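So the sequence shown is numbered by my numbering: it starts at 3 and just counts up by one. Think of the CB as a built atom: it goes at the ideal place given N, C-alpha and C, for glycine as much as any other residue. Remember, it's a predicted structure, so these values are computed and weren't measured experimentally.
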Amino acid sequence: MGVFKTGLVLLALSVSGVASSQEIMSLQEVKKGMQGVGRTVFKGTEIEEFQVEILGVLENTGPRQNLIIARLSGGPMEQTGVIMGMSGSPVYIGDKVIGAVSTAFPFAKEAIAGITPIQEMISTTTGAGAGPSFSGASSMPLEFKKMMTLEELASPLRREASSSPGGVSYIQTPLSFSGLSQGAVNRLTSLFSGSNLVPVAGGSGGGKFEQAIEKSLEPFKPGSAVSVQLVRGDFDLSAVGTVTMVDNGRVYAFGHPFLNMGSIQWPMARAEVISLLPNLYASFKISSTADVVGTVEQDRATAIAGTLGKHPQMIPINVELETSMGAKEKYRFEIVTDKFLSPILTYITMLSTITSRERQYGDSTLRMVATINLGAGTSITVGDIFTGGTSADDLASLVATPVYLLLNNPYRHVSVNSVEIVVRSDEKPKTARLERVELDRSTYQPGGTVKMKVHLRGELDDAIVEETELELPRSLKTGDLLFYVGEGGMLDAMDAAELREAYYPQTYPQLIRALNNLRKNNRVYVRLSERRSGIVLRGEDLSDLPPSAAAIIGSRSNTSEMRRIYYSPALDAELPTSYTVSGYRLIQLKIRSS
């Protein structure tokens with residue numbers, strides 16, 4: 003990132019002496035009938051003017067919020083009306099700025115718009131807040147899941163359709179995408195259906211996000227097209243709007259919230275308008291994202307704001323994909339660091355990586371290993387094999403879920419430094435169901451050896467036999483023990499029911515262990531359980547406690563953190579296979595002394 007950082011430093015130096023000489027007109031001075039001009043980009047990067055007639059002021063439309071209503075004209079707006087991407091376009095009365103175009107009326111016959119007063123844009127985005135904060139330790143345990151659907155990952159962002167105070171609709175923000183597969187775009191459209199964002203095709207500089215930016219040192223001007231990048235590199239996902247004002251390197255834009263996420267650290271980039279697309283519902287700008295020139299730091303009710311020359315914190319993701327046709331592809335991109343958006347963007351980009359080169363529907367088999375590098379030398383490695391019609395979604399989920407759990411854990415602030423992913427694809431299904439388990443005898447001694455054959459039935463009715471030997475612990479008690487052989491999913495359910503660490507981590511080390519030890523689909527798991535009455539407390543197995551101690555601890559512990567257990571694992575083992583395994587068997591294993 004050396005070149006990128008150098009460019010930003012030079013940019014910061016270039017804008018440090020650029021103070022705003024722009025005068026501001028207070029809301030009280032704005033009167034019905036006033037004539038003014040607005041500035042925006044209709045094509046390319048050239049800033050053009052349009053005419054503005056003030057129709058009136060709506061006061062107290064929300065808590066300390068007001069709205070100036072105006073008629074816009076000139077340029078292409080006779081055909082287009084108010085345009086998506088105009089959000090933030092500054093409006094002037096004489097030589098004073100009054101605010102930013104921010105709201106509109108869908109299907110309106112005239113270009114009637116609402117203007118957010120500039121003073122409200124400044125006041126809501128000024129003050130403490132250097133970036134996303136960690137909420138600190140929580141008494142509530144983390145809701146741990148091995149895999150979360152996209153809908154579950156996005157649930158914190160679900161909301162009603164966006165509107166400004168007073169019920170006037172915000173001008174929708176074009177969410178320009180490039181490089182993403184159609185399947186991923188369809189998910190985005192559904193995902194943001196209740197928000198102010200509308201995915202539209204766009205362009206970007208591709209993977210050259212380390213390019214020098216010395217050629218673009220001139221700071222933004224009021225009316226310039228501005229882009230907020232969520233993903234950049236081989237994939238690009240950017241929200242496009244307009245700069246309202248620049249003050250000593252501080253940029254104000256949009257005139258309404260992006261997602262109203264508060265303090266953030268997202269890339270702020272230049273944008274070029276390729277074309278306008280007139281539309282009966284709402285016309286919009288088709289844009290291409292250019293150089294990153296700073297960081298957006300605030301996303302508030304009346305504006306977004308950021309600083310030129312500041313380097314945004316991103317999560318680099320590198321993917322190596324070997325397709326079913328034998329081709330090897332490499333993808334390199336970055337996503338924003340955010341506890342809610344990072345998991346969603348991880349899911350969308352991984353889904354796009356797979357479906358852009360492989361089929362989205364029909365059976366396929368995907369093998370994946372992902373390493374999530376954290377601060378202080380810690381890392382998480384997850385991997386599995388997925389087969390069937392949902393394999394691409396399952397793979398995306400397995401990468402995105404750990405990112406969600408790490409960034410939303412209540413125990414410790416976590417920085418995701420990078421994600422490295424290797425994927426191998428095959429269009430042939432690789433499934434097998436467990437039919438029976440064959441043991442070499444029915445009775446064993448403590449410390450003895452169990453010779454086992456696992457009989458599986460493949461996708462095309464192929465008979466598959468896996469063999470292994472297990473050494474029993476010498477500490478086993480005599481009696482009839484429960485012997486489980488089969489898929490990992492049932493063991494997951496058993497651990498979850500008993501609140502064990504694997505599905506109920508209550509400390510940061512437990513979370514790291516749980517993520518690094520997720521059970522895989524292509525394993526036959528073996529568990530030998532013996533009757534031992536005890537408790538699981540805060541994820542830890544305390545089955546070896548004397549009954550009196552277990553009773554005392556149980557009486558003093560929160561019942562949500564403790565579960566009484568009557569069987570405890572005496573042996574856990576796994577048998578690798580080349581298939582995704584389904585089914586299980588429970589066998590009584592007789593242990594007798596010699």
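Only exposed fits Gly481, as fewer than 16 other CB atoms lie within 10 angstroms of its CB. Secondary structure note for Pro108: it is in no beta strand (DSSP E), with a DSSP letter that is neither H nor E. In the three-state DSSP reduction, Ala305 falls in the coil class, being neither helix nor strand. Listed in chain order, the beta strand (DSSP E) elements of length 3 or more contained wholly in the segment 461-539 are 465-473, 481-488 and 525-539. For the pair Lys432 and Pro158, the Cα-to-Cα distance works out to about 35 Å. Assignment of Tyr581 by DSSP, reduced to helix, strand and coil, places it in the coil class. Distance check between Thr451 and each of Leu232, Arg476, Arg459 and Leu409 places Arg476 closest, using alpha-carbon atoms only. Close CB contacts of Glu469 within its chain, under the 6 Å cut and outside five residues either way in sequence, are with Lys455 (chain order). Judged by their CB atoms, Ala72 and Ala115 are nearer to each other than the 7 Å cut-off.
Met492 is a Cβ neighbour of Tyr586, given a cutoff of 7 Å. Contact between the segment 232-252 and the segment 285-304 is present, with at least three C-beta pairs closer than 8 Å. With a cutoff of 7 Å on beta-carbon distance, Ala394 and Ile356 are scored as near each other. Contact check for Met86 against Pro176 passes: the beta carbons are separated by less than 7 Å. Taking the CA atoms as reference points, Gln174 sits about 14 Å from Ile117.
Rounded to whole angstroms, the Cβ separation of Leu69 and Val84 is 14 Å, and the two are not in contact under 8 Å. Per DSSP, Ile350 has no beta-bridge partner at all. Three or more beta-carbon pairs separated by less than 8 Å are not found between the segment 268-276 and the segment 90-107, which leaves the two stretches without contact.
For Glu440, same chain residues with a beta-carbon under 6 Å away, outside a window of 5 residues either side, are Lys455 in chain order. Linking Met27 to Phe260 through their CA atoms gives a straight-line distance of about 25 Å. Closest in alpha carbon position to Gln24, among Asn250, Leu343 and Gly129, is Asn250.
Every beta strand (DSSP E) stretch that sits fully inside the segment 60-110 and reaches 3 residues is listed by chain position as 67-75, 92-95 and 98-106. Burial is judged here by how many other beta carbons sit within 10 angstroms of a residue's own beta carbon; Met327 has fewer than 16 and is exposed. Per DSSP, the unbroken beta strand (DSSP E) holding Pro318 starts and ends at Met316 to Glu324.
Non-local C-beta neighbours of Leu376 in its own chain, meaning closer than 8 Å and more than five positions away in sequence, comprise Ile382, Leu408, Val416, Ser417, Val418 and Asn419, ordered along the chain.
One alpha carbon belongs to Gly38, the other to Ile319, and they sit about 47 Å apart. Here Glu471 has Thr451 and Lys453 as same chain residues with Cβ atoms under 6 Å from its own Cβ, once five neighbours each way along the sequence are excluded.
When Leu310, Arg515, Ser171 and Gln231 are compared, the shortest CA-CA separation from Pro404 is found for Arg515.
For a cut-off of 8 Å, the C-beta gap from Tyr254 to Ala303 is around 13 Å, too long to register as a contact. For Ala329, the three-state secondary structure derived from DSSP is coil. DSSP places Ser420 within a strand segment (E or B) once states are collapsed to three. When secondary structure is reduced to three states using DSSP, Leu239 falls in the strand class. For the pair Gln53 and Gly76, the CB atoms are nearer than the 7 Å cut-off.
In this structure the segment 521-530 lies against the segment 568-585, because at least three pairs of beta carbons, one per stretch, are closer than 8 Å. 7 Å or more divides the Cβ of Ser125 from the Cβ of Thr244. CA-to-CA, the gap between Thr339 and Leu310 works out to about 19 Å. Membership of Gln447 in any beta strand (DSSP E) is not indicated, and neither H nor E is assigned to it by DSSP.
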